[in-house]
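There are 2 protein chains.
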Amino acid sequence: MDAENEQQAAPAETGGVQQRAGLSRRAVIGWAGAGVAIGAAGVGTVAAATMGSDTPAAAAQSQDVPFWGEHQSGISTPVQDRLHFAAFDVITEDRDALVKMLKEWTKAAASITGGREVGGGAVGVVPQSPPDDTGEALGLPASRLTLTIGFGPTLFEKDGQDRFGLKAKRPEALVDLPKFKGDRLEANRSGGDICIQACADDPQVAVHAIRNLARIGMGVVNVRWSQLGFGKTSSTTPDSQTPRNLMGFKDGTHNIAGTDADGLGKHVWVAPGDGQDWMTGGSYLVARRIRMTIETWDRASLQDQEDTFGRTKIEGAPYGKQKERDAPDLAAMPATSHVRLAHPDSNDGLMILRRGYSFTDGTDGLGRLDAGLFFLAYQRDTRKAFVPLQTKLAASDKLNEYITHVGSAHFACPPGVRKPGEWWGQTLFG
Amino acid sequence: MDAENEQQAAPAETGGVQQRAGLSRRAVIGWAGAGVAIGAAGVGTVAAATMGSDTPAAAAQSQDVPFWGEHQSGISTPVQDRLHFAAFDVITEDRDALVKMLKEWTKAAASITGGREVGGGAVGVVPQSPPDDTGEALGLPASRLTLTIGFGPTLFEKDGQDRFGLKAKRPEALVDLPKFKGDRLEANRSGGDICIQACADDPQVAVHAIRNLARIGMGVVNVRWSQLGFGKTSSTTPDSQTPRNLMGFKDGTHNIAGTDADGLGKHVWVAPGDGQDWMTGGSYLVARRIRMTIETWDRASLQDQEDTFGRTKIEGAPYGKQKERDAPDLAAMPATSHVRLAHPDSNDGLMILRRGYSFTDGTDGLGRLDAGLFFLAYQRDTRKAFVPLQTKLAASDKLNEYITHVGSAHFACPPGVRKPGEWWGQTLFG
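So the protein lines, in turn, are chains A and B.
For the first sequence, counting from 1, position 202 maps to 202 in the working numbering; every step adds exactly one.
For the second sequence, counting from 1, position 285 maps to 1285 in the working numbering; every step adds exactly one.
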């Protein structure tokens, strides 16, 4: 247990401002020196200790995912139930201001993924100031929150401008995605200089995280677009149930498991020599907002639905098989079925780690649900994974009768922040 | 246990179409006769039996809320974690078609709130037809799903037209809500002829319910608007923790408890002699989409935030008190604080049962989170509850600096459907 997280019985230092008794002094000390203590706590820190709140510490202990490590969490981590994803535009030209924000983000991320507030216990201390933390997650456990950062192509170069002296560091794999057949991309749901993926088992915790990072970034970044995902559609845990998408099907059964070091090394993590050194240990993320024409799908016959996937609806078994995880006989599936086209055996062993979420964002003005799949795919080199696969699917997949890609973004997610004192983007900016 | 729900070992009747073996015959039999069997099963029906799926039946048994009863469920029911709310326009002039749909909705609602599919097990039976159920909740337990229906003013009279011969049955309490000070209502987030409130602990279950009702209603109703709520902000369970809203505060501590029969009878349920007999046992629902100007709030000092509510932020204690549930000393709070203005002691004992949810719907084009509170309030007579209270709050509440009402609707929620064979709206249309 981290001594800094224990409630301080001794009178806190006042720092010249009015202060209330009985709260952690960290708020007044500020960030200085807090990093190491946070890091030393590691897995299983106690979230509630500084709050004077009612969080069951025992529950919180088992509900935080390590923030520090070789790779960022939120990629191979077992997929959490809920998502809040945000893409940001950088609105400053000041590189130092951007770096300062990334450092502050890192500290805040380490704190809130550990179930602590931003500021480490500052809420309620200084009445004359806004609280460091917005407070809506007070009393909630960490809920397996992970925060994952990525950098978009426009951070390196935008309208021909080398905005932050990063142009030479743009990885070749961070391509401008081509326009795929059928794409109907909306600018206000696409692109972004920086992304944050917040995954948690409690949506309030994920929303709180994005909001507080946006708040810290005020004047440096603006939220360009964001997306809530209410239900995961993928699993990275071997042998667990594959959740159903909004078409009622299990898709992506043979995802890369978070425990499959060989598969992750081969398909997900950027390796030394892959290109830019600063990305070693990182991964490339493609995000696609895929709208489903639910109403049309719901009028399609069961046969047509099953032919579309090449699976049975109830069991999720590949055609000609009995169980979801039976090895598929691709030749038994319609030539244009989604599983047949997307399967590694049809693509020279190509695999992508998927962490998709279902979304429903009200209606579209024509009385149709604005719903579908927010597709998140991690890979070692987008040029060899998402691009060829989506080129093929866009051309032939029977599923295209029922879906439209309306949002798209591409990000280079750097390696993990290995220890306190390091910060998000350090390998790129440092 | 309901025999109809047991998997049928005998060959199913074919009804002249190709059929697969081993599934419930109910799909072929159709709805006829199924109602009583469903009803007889009552609480604790087994959701998974007809699916051949992996739902743990034991879990499902404890997770369904009774559908049949004197009052609709979803009002005094302990507040579930997630919400999908939909307002529908009736697009037919055919009263019989509307009644037919309401009967079909009732049967479907009884089925899915019990953790069964629409059609009672029809998925996968008839390849040539669309499945009766869209399938994305297959394998999920009932998750305490409740479905609550309401009828809007425009169902009774619209543009001077008595559309379905119901004009004389419009309750006087179902007023056209006045324009309150500060209202900035958007037409596409307001009104509606019929509403369905779906509450569940799993958002996928709530979304599935709304979608399947919308599908059954095709040609009769269109979704006018819908709202997802990701986190409850109210509790109707005595002594439970009050969840925090997106301002980080506990609000509405002294809600009417679902177990408080006297309070419900006095403040929530319509009583004989209150007006239209068909509403006896029902309640009036006001839905307000309240946008928070999060970014402004987050820059307000803690003192200002606490003065706004009249509570402390961390503990939620009324000013001058120690604990959230301590009896408030209203005189100790600022005169314009939300708690002081809204408290029953400031309003001749007026109380409203609240079931609000936090929402976050992406961004607004200016980089601001489109987030806030979707306020749902049930009451015995809106003229004596929401209207005077909101008139007062709209005029004086300090909270108005940080919120804007952008959506509004009003519905008469009829009494419960007491037993199989009865249907939603029967007391109105029957």
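Where a beta carbon is used, it is the ideal one built from N, C-alpha and C, also for glycine.
Note that the structure is a prediction, hence the values are computed from the model and not measured.
Below 7 Å between beta carbons: does that hold for P141(A) and G119(A)? no
Taking the C-alpha atoms as reference points, what is the distance between D1307(B) and M101(A)? 31 Å
With a threshold of 16 other CB atoms inside 10 Å of the CB of R1383(B), please say whether the residue is buried or exposed. Exposed, because fewer than 16 other Cβ atoms sit within 10 Å of the Cβ of R1383(B).
Bridge partners - E1422(B), DSSP secondary structure assignment: P1420(B)
So, under 8 Å CB-CB, N1245(B) and L1373(B) are touching, yes? Tell me the CB distance rounded to an integer number of Å. 6 Å
Does DSSP put A110(A) in a helix, a strand or coil? helix
Rounded straight-line distance, which links the Cα of P1171(B) to that of D1397(B): 30 Å
Backbone CA spacing between H1208(B) and L1177(B) [nearest angstrom]: Rounded to the nearest whole angstrom, the CA to CA distance from H1208(B) to L1177(B) is 31 Å.
So that I know if they touch, is there some Cβ in chain B lying closer than 7 Å to that of Q7(A)? Legend: pLDDT at Q7(A) = 33, less than 50; position of this residue unreliable, no value from coordinates given.
Below 8 Å on the Cβ atoms is my contact criterion, and I expect A200(A) with R82(A) to pass it. Report the Cβ-Cβ distance as a whole number of Å. 6 Å
Measuring CB to CB, does L1285(B) end up less than 7 Å from H1084(B)? Against a cut-off of 7 Å, the Cβ pair of H1084(B) and L1285(B) comes out as no contact.
Do three or more CB pairs link the stretch 1262-1275 of chain B to the stretch 402-410 of chain A at distances below 8 Å? no
Using CA coordinates, which residue listed in S1129(B), L1147(B), G1192(B) is at the minimum distance from P1153(B)? G1192(B)
Delimiting residues of the beta strand (DSSP E) encompassing D1370(B): 1369-1379 is the span of the beta strand (DSSP E), which, as asked, contains D1370(B).
Let me make sure I understand the geometry here. Which of P1334(B), A1335(B), Y1319(B) has the alpha-carbon closest to that of P1328(B)? Y1319(B)
Proximal residues of chain B, C-beta to C-beta of A271(A) below 7 Å: Here the premise fails: no neighbours, minimum Cβ distance about 36 Å.
Any 3 or more C-beta pairs closer than 8 Å across the stretch 212-227 of chain A and the stretch 1096-1111 of chain B: With the cut-off at 8 Å, the stretch 212-227 of chain A and the stretch 1096-1111 of chain B do not touch.
Where the beta strand (DSSP E) through F1359(B) begins and ends: 1357-1363
List the residues of chain B that S301(A) touches, going by C-beta distances under 7 Å, in chain order. P1127, Q1128, S1129, P1130
Please identify the residue among G1231(B), K1158(B), E1136(B) whose C-alpha is closest to the C-alpha of Q1080(B). Sorting G1231(B), K1158(B), E1136(B) by C-alpha distance to the C-alpha of Q1080(B) places G1231(B) at the top.
Below 8 Å on C-beta distance, what does G139(A) contact in chain B? Chain B residues near G139(A): Q1241, R1244.
Can you check the stretch 1295-1344 of chain B for any alpha helix (DSSP H) of at least 4 residues that lies completely inside it and give the ranges in chain order? 1302-1309, 1338-1342
Just reading off the alpha helix (DSSP H) that I210(A) is part of, what are its end residues? 203-216
Exposed unless 16 or more other CB atoms sit within 10 angstroms - verdict on A395(A): exposed
Consult DSSP for K222(A) and reduce its assignment to one of helix, strand or coil. In the sequence on display, residue 222(A) carries Asn and not Lys. Residue state, collapsed to three classes: strand.
Return the CA-CA distance between D326(A) and T237(A), expressed in angstroms with no decimal places. 17 Å
Mapping the DSSP letters down to three states, classify P1056(B) as helix, strand or coil. Bear in mind that the predicted position of P1056(B) carries a pLDDT of just 37, short of 50, making it unreliable; the figure below should be weighed with that in mind. In the structure shown, P1056(B) sits in coil (DSSP, three-state: anything other than H, G, I, E or B).
Can you give me the Cβ contacts of H71(A) inside the same chain, cut-off strictly under 7 Å, excluding the 5 residues immediately before and after it? Taken in chain order, the residues that qualify are W269, G281, P415, G416.
Since Y402(A) and M292(A) should fall inside the 8 Å C-beta cutoff, what is the C-beta to C-beta distance between them, to a whole number of angstroms? That pair is a contact at about 6 Å.
Since I believe T242(A) is in contact with E324(A) (beta carbons under 8 Å), could you give me their beta-carbon distance rounded to a whole number of angstroms? Taking C-beta atoms under 8 Å as the contact rule, E324(A) and T242(A) qualify, at a distance of about 7 Å.
Spell out whether any CB of chain A is found under 7 Å from the CB atom of Q1204(B). yes
Spatial distance of F386(A) from Q379(A) (CA atoms): Whole-angstrom Cα-Cα distance: 8 Å.
DSSP state of D1089(B), grouped into three classes? strand
Got a sec? Which residues, its chain only, sit under 7 Å from V1043(B) by beta carbon, not counting five neighbours each side? Confidence at V1043(B) is low in this model, with a pLDDT of 32, below 50, so the placement of that residue should be treated as unreliable; the coordinate-derived value is given next. So the qualifying residues of the chain are D1064, P1066.
Helix, strand or coil for V1175(B), going by three-state DSSP, please let me know. coil
Inter-residue CB distance, L147(A) and A198(A) (contact presumed, cutoff 8 Å): Confirmed, Cβ separation roughly 6 Å.
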